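Residue numbers (our numbering): 33 to 282.
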């Protein structure tokens, strides 16, 4: 292992890499379900959904293995959560414009991606891509990573801590991130969502914030597995809360 990955030269150990790998997997595992949901418009169980699900797992595994053995970089690869949303919008527009089924538009979108990949490969071989990256301001490059983190936080809080607007018969969804200081009162929210939906929202919110709090405390104490332990704490707390207060068997 040391000879293959030069662990000592890179200032790491097998234990550190295993812990970091497990934490990274737990952090990115949501992509396995979210990617096919976005690309197939939540058509769970259909052949298209199953195909995208399998392709997501295989592509992520191949990309990560290549980064490990060819570049010796501790980078986990997976479909981008911004690009897949863009692809879904493009595929939907193709279906509407051409009055065809979504599956046909999906295949057309894959052809577009293939052509785009070939173009990027040519730009990389000609070293044009490096010049484009170097032309991006340093501040923007440094800001990309935290911006993605904020976007993921927005997705997590927005899709899992959902409340419903008063208009349109309480059926128009909006998210707590987008109306955190809105005029809706708890009684209106509870009335529009029902007891189970409201209690699920409250339990999810409490679990999320307590999980983040545990991560921060453990990280402050210098515990390397702070993120992983915080995720495990949140999961167990939500399972217990779901069973105790909602009657749901996790």
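Glycine residues also receive a C-beta, built at the ideal position from the N, C-alpha and C atoms. Since the structure is predicted, the reported quantities are computational estimates derived from the model, not experimental observations.
- In its chain, beyond the 5 residues on either side, 70 have a beta carbon closer than 8 Å to the beta carbon of residue 117.
- Counting the other Cβ atoms within 10 Å of the Cβ of residue 42 gives fewer than 16, which makes it exposed.
- Going by DSSP, residue 98 is part of the alpha helix (DSSP H) stretching over 79 to 101.
- Counting C-beta pairs closer than 8 Å gives three or more between the segment 264 to 272 and the segment 236 to 252, which meets the contact rule.
- Under the 10 Å beta carbon count, residue 92 is surrounded by 16 or more other beta carbons and is classified as buried.
- DSSP places residue 58 in the uninterrupted alpha helix (DSSP H) bounded by 46 to 60.
- Taking all protein chains shown into account, residue 84 has 16 or more neighbouring C-beta atoms within 10 Å of its C-beta and is therefore buried.
- Ranked by Cα distance from residue 60, the first of 94, 109, 50 is 109.
- In the DSSP assignment, residue 273 falls within the alpha helix (DSSP H) that extends over 258 to 277.
- The C-beta of residue 137 has 16 or more other C-beta atoms within 10 Å across all chains shown, which makes the residue buried.
- Taking C-beta atoms as the reference points, residue 67 and residue 111 count as a pair closer than 7 Å.
- In the displayed model, residue 121 falls within a helix according to three-state DSSP.
- Look at residue 105 here: in three-state DSSP terms it is coil, with no helix or strand label.
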